[in-house]
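So the structure is just underneath, and the comments pick up after that.
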Ligand SMILES: [Zn+2]
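Residue numbers (this note's numbering): -3 to 304.
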């Protein structure tokens, strides 16, 4: 499923191609079509915006087109004589603008249009967009605090009402970067950890807003999609398990992210406590060694984009 960073990249290229142009043809297909609002022919596209994993295209007559790509959706841009790369039967939105550009949305999980003050409901329920310029992390933390404390962290990170933008890849990557077991109940997290997790998610997502190939550590991803391969930090085989109602795959290193049985004992990224060392006897690692691998692995790519 495309994550926040991908949707922001898509929004940027759609915005570059469509903003300021006039609608020549706007066609909706599928279930949303019969009663949907439509921009009038000749309306101007005022902008394309990502909100978390949702994409909004606004027109100057007050119509907003809202799509969510779900697991299999995609937006393509075509010139007049291009061959479409997916079958026309999968097209749900066809937006042709003057100049000959056509934007086609294939197989989205959601298409709706609204007009005027009416806003897409799902978008209003979203937590702060972690790909945005200055997301309100206090708001996201308050939303997180309202979840059932038994909610597993991996499930909470995917909940777009807490914070928007984290998908299945970043869920695992963020937990690894913060050295926390994704199956920890949110109520058992160290009090400072939620903010660190959200800040880390922002950094990782924003570091990938302009890149073609997603990276969270040198060499690519730290744990996602790497089941049974050695942890880049400690060499332990990466594990995977289905998690949550959606049974989404979660990846983690059982050594770097030891299971937390007792509620919140003191722990932070740079100073593992003796309590942790005691529960994590399989792989004794000195604090100094952990700190130095941090700098070469998770630390480097996450810190650079902040300055941009
Ligand atoms: Zn490890």
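Heads up, the beta-carbon is just placed ideally off N, CA and C, and yes, glycines get one too. Source: prediction; values computed, not measured.
Residue i vs residue j beta-carbon contact at 8 Å
{"i": "residue 173", "j": "residue 212", "result": "yes"}
{"i": "residue 190", "j": "residue 147", "result": "no"}
{"i": "residue 137", "j": "residue 201", "result": "no"}
{"i": "residue 66", "j": "residue 105", "result": "yes"}
{"i": "residue 127", "j": "residue 1", "result": "yes"}
{"i": "residue 162", "j": "residue -1", "result": "yes"}
{"i": "residue 7", "j": "residue 51", "result": "yes"}
{"i": "residue 246", "j": "residue 256", "result": "no"}
{"i": "residue 123", "j": "residue 139", "result": "yes"}
{"i": "residue 251", "j": "residue 230", "result": "yes"}
{"i": "residue 48", "j": "residue 15", "result": "no"}
{"i": "residue 154", "j": "residue 69", "result": "no"}
{"i": "residue 59", "j": "residue 111", "result": "yes"}
{"i": "residue 97", "j": "residue 34", "result": "no"}
{"i": "residue 234", "j": "residue 244", "result": "no"}
{"i": "residue 198", "j": "residue 131", "result": "yes"}
{"i": "residue 13", "j": "residue 99", "result": "yes"}
{"i": "residue 4", "j": "residue 205", "result": "yes"}
{"i": "residue 175", "j": "residue 253", "result": "yes"}
{"i": "residue 55", "j": "residue 32", "result": "no"}
{"i": "residue 305", "j": "residue 178", "result": "Given a span of -3 to 304 for the chain in the structure shown, any question on residue 305 remains unanswerable."}
{"i": "residue 63", "j": "residue 107", "result": "yes"}
{"i": "residue 25", "j": "residue 87", "result": "yes"}
Residue span of the beta strand (DSSP E) that contains residue i, given as start and end
{"i": "residue 92", "result": "87 to 93"}
{"i": "residue 62", "result": "59 to 64"}
{"i": "residue 98", "result": "98 to 102"}
{"i": "residue 55", "result": "50 to 55"}
{"i": "residue 41", "result": "41 to 47"}
{"i": "residue 108", "result": "106 to 111"}
{"i": "residue 185", "result": "Premise fails: residue 185 is in no beta strand (DSSP E) and is neither H nor E."}
{"i": "residue 73", "result": "70 to 74"}
{"i": "residue 237", "result": "235 to 239"}
Three-state secondary structure (DSSP) of residue i
{"i": "residue 272", "result": "With a pLDDT of 38 at residue 272, under the threshold of 50, the predicted position of this residue should be treated as unreliable, though the coordinate-derived value follows. Helix, per DSSP."}
{"i": "residue 24", "result": "strand"}
{"i": "residue 190", "result": "helix"}
{"i": "residue 134", "result": "helix"}
{"i": "residue 123", "result": "coil"}
{"i": "residue 159", "result": "coil"}
{"i": "residue 166", "result": "helix"}
{"i": "residue 251", "result": "coil"}
{"i": "residue 196", "result": "helix"}
{"i": "residue 79", "result": "coil"}
{"i": "residue 84", "result": "helix"}
{"i": "residue 18", "result": "strand"}
{"i": "residue 244", "result": "strand"}
Endpoints, the alpha helix (DSSP H) within which residue i is located
{"i": "residue 3", "result": "0 to 14"}
{"i": "residue 151", "result": "149 to 154"}
{"i": "residue 37", "result": "Residue 37 -> no alpha helix (DSSP H), and no H or E assigned at all."}
Beta carbon nearer than 6 Å to a non-hydrogen atom of ligand 1: Per the CB criterion, closer than 6 Å to any heavy atom of ligand 1, the qualifying residues run in chain order as 227, 229, 230, 232, 249, 251, 252.
Would the segment 209 to 224 and the segment 164 to 179 be scored as touching if the rule is three or more Cβ pairs under 8 Å? Taking 8 Å as the limit for Cβ pairs, the verdict is that the segment 164 to 179 does touch the segment 209 to 224.
Quick test of the definition: if touching needs 3 or more C-beta pairs under 8 Å, does the segment 91 to 101 touch the segment 11 to 24? Verdict: yes, contact present.
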